[in-house]
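Below is one structure, written out as structure tokens; comments come after it.
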Amino acid sequence: MIVAAGKGERAGGGMPKQFRSIAGKPLVAHAYDRLAAHPRIDAVLVVGDEGPLRAALGERAPLGIVPGGASRRLSVRAGLDAIETLGGADVVLIHDAARPFTPAAVIDRLLTALEASPGAVPALPVADTLARHGATLGDVVDRDALVRVQTPQAFRFGDIMTSHRAWQGDDEPTDDAQMVRAAGFAVAAVAGDAMLEKITRPEDFAAAEARLGQRSF
Ligand code: C5P
């Protein structure tokens with residue numbers, strides 16, 4: 517599943533970032549192609565506005581396009597409900613359209629980890645010094661104890677449905693793994709990839725284009 521229902525306002529550009537192009541192709545189409553090309557992915561469902569998504573995806577044939585919700589969590593939930601209505605799945609990978617270049621090796625690692633765990637996420641170490649902040653700089657936080665968590669995130673379908681239905685947090689979660697953990701399921705971390713950096717701000721487009729030029733999948 518690709519969630520592409522956000523407004524993407526921090527990225528600028530006059531349209532939601534998932535519809536902006538890199539190398540002549542909208543981000544959501546890049547994201548779609550990387551998932552659809554993987555031999556172990558049977559179908560791709562996209563969450564977001566149907567008209568712009570059909571235009572961006574062109575000839576591609578998603579399993580479905582379903583409207584998103586007011587938060588990322590609700591957009592994912594809409595996609596999960598649609599998959600369930602369509603007969604369910606063994607495993608679902610939940611992915612942000614804002615991370616357009618998924619290496620096949622990351623999907624391989626996630627699916628291998630899922631054989632022994634209800635969930636698996638790609639994660640990268642933190643390179644910068646991290647500190648709390650307020651009016652002035654606060655204490656440094658041990659970066660060796662932290663990772664940066666990316667998508668796609670892989671889950672057994674029954675467990676992710678259970679987790680979404682059980683979620684009661686006050687704050688909107690920024691990913692699905694935190695809901696799965698809150699429901700009591702273990703989530704494994706596999707090696708992430710710099711190609712999966714999220715496009716959030718205007719300058720991220722040039723960096724993503726440069727990454728694409730340096731890497732063949
Ligand atoms: O805004 P952010 O980059 O954190 O969004 C992550 C992903 O979640 C994006 O692909 C965005 O389109 C999606 N999203 C969504 N529905 C929302 C908010 C975000 O599908 N209501």
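Heads up: the sequence shown begins at 517 in my numbering, then just goes up one per residue. Yeah, the Cβ is synthetic: ideal placement off N, Cα and C, and Gly gets one too. Everything numeric in this text was worked out from a predicted model, so none of it was measured.
CB-CB length for residue i against residue j, believed under 8 Å
| i | j | result |
| --- | --- | --- |
| Leu626 | Ala670 | 4 Å |
| Leu551 | Leu609 | 7 Å |
| Arg672 | Pro634 | 5 Å |
| Val544 | Ala613 | 4 Å |
| Leu596 | Ile676 | 6 Å |
| Leu712 | Val622 | 7 Å |
| Arg615 | Leu640 | Actually they do not touch by this definition, with Cβ atoms about 12 Å apart. |
| Gly584 | Val563 | 5 Å |
Any non-hydrogen atom of the ligand C5P within 8 Å of residue i CB
| i | result |
| --- | --- |
| Arg672 | no |
| Val480 | With the chain running from 517 to 733 in the structure shown, residue 480 is simply not present. |
| Ala613 | yes |
| Val637 | no |
| Arg588 | yes |
| Arg526 | yes |
Local conformation of residue i per DSSP, three classes
| i | result |
| --- | --- |
| Ser679 | helix |
| Gly737 | With the chain running from 517 to 733 in the structure shown, residue 737 is simply not present. |
| Ala698 | helix |
| Gly729 | helix |
| Gly674 | helix |
| Ala520 | coil |
| Ala707 | strand |
Residue i classed as buried or exposed, judged by whether at least 16 other C-beta atoms fall within 10 angstroms
| i | result |
| --- | --- |
| Ala724 | buried |
| Ala521 | buried |
| Leu662 | exposed |
| Asp655 | exposed |
| Ser591 | buried |
| Lys523 | exposed |
| Thr690 | exposed |
| Ala722 | exposed |
| Gly603 | exposed |
Open item on the list: Ignoring anything shorter than 3 residues, give me the beta strand (DSSP E) runs that lie fully in the region 540–575, in order along the chain.
Closed with: 561–563
Task: Length-filtered (3 minimum) beta strand (DSSP E) runs lying within the region 592–671 - done: 607–612, 635–641, 646–649, 653–657 and 663–665
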